[in-house]
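For the sequence shown, the residue numbers in my numbering are 2 to 106.
Note that CB positions come from ideal geometry on N, CA and C, so glycine has one too.
Reading through the structure tokens given below for one structure.
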Amino acid sequence: YNKNLLLRNEINNVITGAAGVRGESSTSFMDSLGEDASFFERALQASMSMSAGMCGSSDCASPCTEANIAAGMFYHAHCDDMAMYLQCDEFGGCFVMECGSGTVW
2 YNKNLLLRNE INNVITGAAG VRGESSTSFM DSLGEDASFF ERALQASMSM
52 SAGMCGSSDC ASPCTEANIA AGMFYHAHCD DMAMYLQCDE FGGCFVMECG
102 SGTVW
């Protein structure tokens, strides 16, 4: 079993379970969370990009390998935009980030 698929299933189970306790649909539950929903949305996005081997919605291959994470390498150049970079989390999630104003990678 793919660990990324397991992670995605766990996140979906948490959302569905919490919604069920409140007697809501998953969509209504996520809507009621407001800004707090972004954590779940980012986690789902990360798990989907890990499964695809890509970083977020970019065309960049994910550098968030087990070897890079074990070596503490969490920040990487974006594949085609110097004003952006790729940030890994400790679970292999990959996020496209913007460099600070007026800076490049």
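What's the C-alpha gap between alanine 78 and alanine 72? The count along the sequence shown starts at 1 and reaches residue 78 at position 77. The count along the sequence shown starts at 1 and reaches residue 72 at position 71. Taking the straight line from one Cα to the other gives about 16 Å.
Rank Ile70, Phe92, Thr104, Ser63 by C-alpha distance to the C-alpha of methionine 83 and give the top, closest one. Here residue 83 refers to the residue found at position 82 when the sequence shown is read from its first residue. Per the Cα distances, Thr104.
Please classify serine 91: does DSSP put it in a helix, a strand, or coil? Here residue 91 refers to the residue found at position 90 of the sequence shown. Inspection of the sequence shows that residue 91 is occupied by glutamate rather than by serine. Three-state result, glutamate 91: coil.
Got a sec, what are the start and stop residues for the alpha helix (DSSP H) alanine 78 sits in? In the sequence shown, the residue the question calls residue 78 occupies position 77. First-last for alanine 78: 76-78, but that is the beta strand (DSSP E), not the alpha helix (DSSP H).
Just to confirm my understanding: we take methionine 88, look at its own chain, exclude 5 residues before and 5 after, and list those with CB closer than 7 Å. What are they? By one-based count along the sequence shown, residue 88 stands at place 87. Going by the sequence as given, residue 88 is glutamine instead of methionine. Hits under 7 Å: Phe75, Tyr76, Phe96, Met98.
Going by C-alpha to C-alpha distance, which of Thr66, Ser26, Cys100 sits closest to phenylalanine 92? In the sequence shown, the residue the question calls residue 92 occupies position 91. Residue Thr66 is the option with its Cα nearest to phenylalanine 92.
My output table needs one value for glutamate 99: the three-state DSSP class, helix, strand or coil. By 1-based counting over the sequence shown, the position of residue 99 is 98. DSSP places glutamate 99 in strand when its eight states are reduced to three.
Would you mind working out which of Met55, Asn69, Gly101, Gly94 sits nearest cysteine 80, comparing C-alpha positions? For the purposes of this step, residue 80 is identified with residue 79 of the sequence shown, where counting begins at 1. The candidate whose alpha carbon is nearest that of cysteine 80 is Met55.
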